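**Q**
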Amino acid sequence: MTVNYRAWVKSTSHKFEDTWQEQRPIELILGKGTNLVRWDITNSAYITTEKAELAGLGIGIASMRSGERALFHVGWELGYGKEGNFSFPNVPPMADLVYEVELIGYDEAKEGKARSDMTVEERIEAAERRKVEGNDYFKEKKVEEAMQQYEMAIAYMGDDFMFQLFGKYRDMALAVKNPCHLNMAASALEEAIGQCPIVLSEDENNVKALFRRGKARAELSQMDAAREDFEKARKYAPQDKAIVRELHLLAAHDKAVYQKQKEIYKGIFGPRPEPKPMRSNWLVIFWQWLVALTPIDHRKSTLDRVKHGAF
Numbered sequence: 001m002t003v004n005y006r007a008w009v010k011s012t013s014h015k016f017e018d019t020w021q022e023q024r025p026i027e028l029i030l031g032k033g034t035n036l037v038r039w040d041i042t043n044s045a046y047i048t049t050e051k052a053e054l055a056g057l058g059i060g061i062a063s064m065r066s067g068e069r070a071l072f073h074v075g076w077e078l079g080y081g082k083e084g085n086f087s088f089p090n091v092p093p094m095a096d097l098v099y100e101v102e103l104i105g106y107d108e109a110k111e112g113k114a115r116s117d118m119t120v121e122e123r124i125e126a127a128e129r130r131k132v133e134g135n136d137y138f139k140e141k142k143v144e145e146a147m148q149q150y151e152m153a154i155a156y157m158g159d160d161f162m163f164q165l166f167g168k169y170r171d172m173a174l175a176v177k178n179p180c181h182l183n184m185a186a187s188a189l190e191e192a193i194g195q196c197p198i199v200l201s202e203d204e205n206n207v208k209a210l211f212r213r214g215k216a217r218a219e220l221s222q223m224d225a226a227r228e229d230f231e232k233a234r235k236y237a238p239q240d241k242a243i244v245r246e247l248h249l250l251a252a253h254d255k256a257v258y259q260k261q262k263e264i265y266k267g268i269f270g271p272r273p274e275p276k277p278m279r280s281n282w283l284v285i286f287w288q289w290l291v292a293l294t295p296i297d298h299r300k301s302t303l304d305r306v307k308h309g310a311f
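Position 160 of the sequence shown, counted from 1, bears residue number 160 in UniProt numbering, the numbering being contiguous throughout.
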C-alpha cells in the first residue's frame with residue numbers, strides 16, 4: 001500500500017515527519033500484528049524495518065480504504081514509548097502522537113492481503129516474489145533495490161513465523177529465506193567493490209579501500225583481483241598484519257586448489273603404469289644357443305661354404 005502522512009507530538013504540536021512536504025510517498029506493508037515495513041518509493045531508499053513505534057500507525061492504516069484520508073490519535077504506548085526517540089525523528093519520552101494519513105493506493109497484485117491474514121503458502125509465495133524481484137535487480141547491478149526486495153522477502157518470515165513451521169513448510173520457507181540472506185551478503189560485497197573505486201579515484205594509495213575491496217573480492221572468489229589489491233596495499237603498509245594474514249590465506253587457498261586439482265587429474269588418468277618387460281624373441285635365443293653348441297671349426301667351414309656358394 002502507498003501512503004502519505006504527517007506526524008505530530010500531540011502536546012507540543014511539533015511536526016516530526018511529513019511525506020507530503022518531502023514529496024516522497026511511502027510504501028507500507030502491514031506485518032504480523034500491527035508493525036510495519038516501509039520504504040521510500042520516490043528514491044527507492046529503504047527507511048526502516050518492522051518497528052514497534054509504528055504499531056499505532058499500523059492499527060489505523062489497517063482500517064482504511066484506498067483513497068481515504070484519516071486522522072489518528074496514538075497513545076505513547078503504541079508510539080515511541082517511554083524512552084522516546086532522540087535521533088531522527090526526534091520524539092520526546094511518553095509522547096502521545098497525531099497522524100494525518102492518506103491511503104493513496106493498495107497494490108493487491110503485489111501483496112494480496114495483510115500478512116497476518118495470509119496462509120503459510122501465501123506468505124512463502126509472497127516472499128518468493130520479492131526474492132525474484134531482488135534477483136532481477138541484482139542482475140541489473142541495482143544493488144540498493146535488490147537489498148530492499150530481499151529485506152521485504154525476509155520480513156514475511158520473521159522468527160515468530162519460522163518458529164511455528166515444521167517439516168516441508170519449514171523447508172519451503174528456508175528455501176526462500178536462506179538465499180535472500182546469502183544474496184544480501186553478496187549484494188553488500190558488490191556494493192563494497194563498487195564504492196571503493198570512488199575513494200581510490202581520489203587517493204589511489206588508500207590502504208583501507210584497497211584492503212576492503214580485496215576482502216570483498218576474496219569473499220566472491222575473485223582471488224586474482226583480491227591478491228592484486230592486497231599486494232598493492234602491502235606495498236604502502238608492509239607491516240600491516242591484517243594484510244599479511246589475507247595474503248597467507250590466499251596462498252593457502254591456492255595450495256588447496258592445486259592439491260584438489262592434482263587428485264582430480266589422478267582420478268581421471270589413473271596411476272602411471274609400470275613399464276612392462278620386453279618379451280624375449282625365442283627364435284633368436286634358440287639360434288644363439290644352437291650357435292653356441294657348434295664347434296668353432298665347423299662354424300668356419302660352414303661360413304666358407306656360404307661365401308663360395310657351395311650350397
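Note that CB positions come from ideal geometry on N, CA and C, so glycine has one too. If you're wondering where the values come from, they're calculated on a predicted model, not measured in any experiment.
Which residue or residues does DSSP assign as beta-bridge partners of Trp8?
**A** Its beta-bridge partners are Lys15, Val98.
**Q** The alpha helix (DSSP H) that contains Val176, what's its start and end?
**A** It spans 167 to 202 - the alpha helix (DSSP H) in which Val176 sits, taken as one unbroken run.
**Q** Could you tell me which residues DSSP puts in a beta bridge with Ala70?
**A** Answer is Val101.
**Q** Is Asn90 helix, strand or coil by DSSP?
**A** Note: Asn90 maps to coil in three-state DSSP.
**Q** Taking a contact to mean a Cβ-Cβ separation below 8 Å, would you say Glu145 touches Tyr156 in this structure?
**A** In this structure, Tyr156 does not lie closer than 8 Å to Glu145 by Cβ.
**Q** For the alpha helix (DSSP H) holding Lys141, just list the boundary residues, first then last.
**A** Note, Lys141: premise wrong, no alpha helix (DSSP H); not H, not E.
**Q** State the start and end residues of the unbroken alpha helix (DSSP H) segment that holds Gly56.
**A** Here the alpha helix (DSSP H) through Gly56 covers 55 to 62.
**Q** So, at 6 Å on beta carbons, what are the nonlocal neighbours of Ser87 in its own chain, with the 5 sequence-adjacent residues on each side left out?
**A** Contacts found: none.
**Q** Can you grab the Cα-Cα spacing for the pair Ala153 / Lys266, in whole Å?
**A** When rounded, the distance between both Cα atoms is 45 Å.
**Q** Give the single residue among Gly84, Val98, Asp171 whose Cα lies nearest to the Cα of residue 312.
**A** This structure gives no information on residue 312, because the portion of the chain shown stretches from 1 to 311.
**Q** Among Glu102, Leu247, Glu77, which one has its Cα closest to the Cα of Ser63?
**A** Residue Glu102 is the option with its Cα nearest to Ser63.
**Q** For the alpha helix (DSSP H) holding Gly214, just list the boundary residues, first then last.
**A** Counting along the chain, the alpha helix (DSSP H) containing Gly214 begins and ends at 207 to 219.
**Q** Is it right to say Phe311 is buried, meaning 16 or more other beta carbons lie within 10 angstroms of its own, or is it exposed?
**A** With a pLDDT of only 46 at Phe311, under 50, the local geometry of the prediction cannot be trusted, and no value is derived from it.
**Q** To which residues of the same chain is Val9 closer than 7 Å at the C-beta, ignoring the five residues directly before and after it?
**A** Closer than 7 Å at the Cβ level, and outside the excluded window around Val9, lie Phe16, Val91, Pro92, Ala95, Leu97.
**Q** Around the C-beta of Val306, are 16 or more other C-beta atoms found within 10 angstroms, so that it is buried, or is it exposed?
**A** Below a pLDDT of 50, predicted positions are generally treated as unreliable, and Val306, at 47, falls in that range; the measurement from the model is reported next regardless. By the neighbour-count rule (16 or more Cβ atoms within 10 Å), Val306 is not buried but exposed.
**Q** What is the rounded straight-line gap between the Cα of Phe72 and the Cα of Leu57?
**A** Straight-line Cα distance between these residues: approximately 8 Å.
**Q** Just the Cα atoms here: how many angstroms apart are Gln239 and Leu189?
**A** In a straight line, the C-alpha of Gln239 is about 26 Å away from that of Leu189.
**Q** Just to confirm, is the Cβ distance from Ala216 to Ala192 under 8 Å?
**A** Going by C-beta atoms, Ala216 is nearer than 8 Å to Ala192.
**Q** Please list the terminal residues of the continuous alpha helix (DSSP H) segment that includes residue 315.
**A** Because the chain is modelled from 1 through 311, residue 315 falls outside the range shown and cannot be assessed.
**Q** Span of the alpha helix (DSSP H) holding Asp117?
**A** Element bounds for Asp117: n/a, residue is neither H nor E.
**Q** Would the beta-carbon of Glu100 fall within 8 Å of that of Tyr169?
**A** Contact: no.
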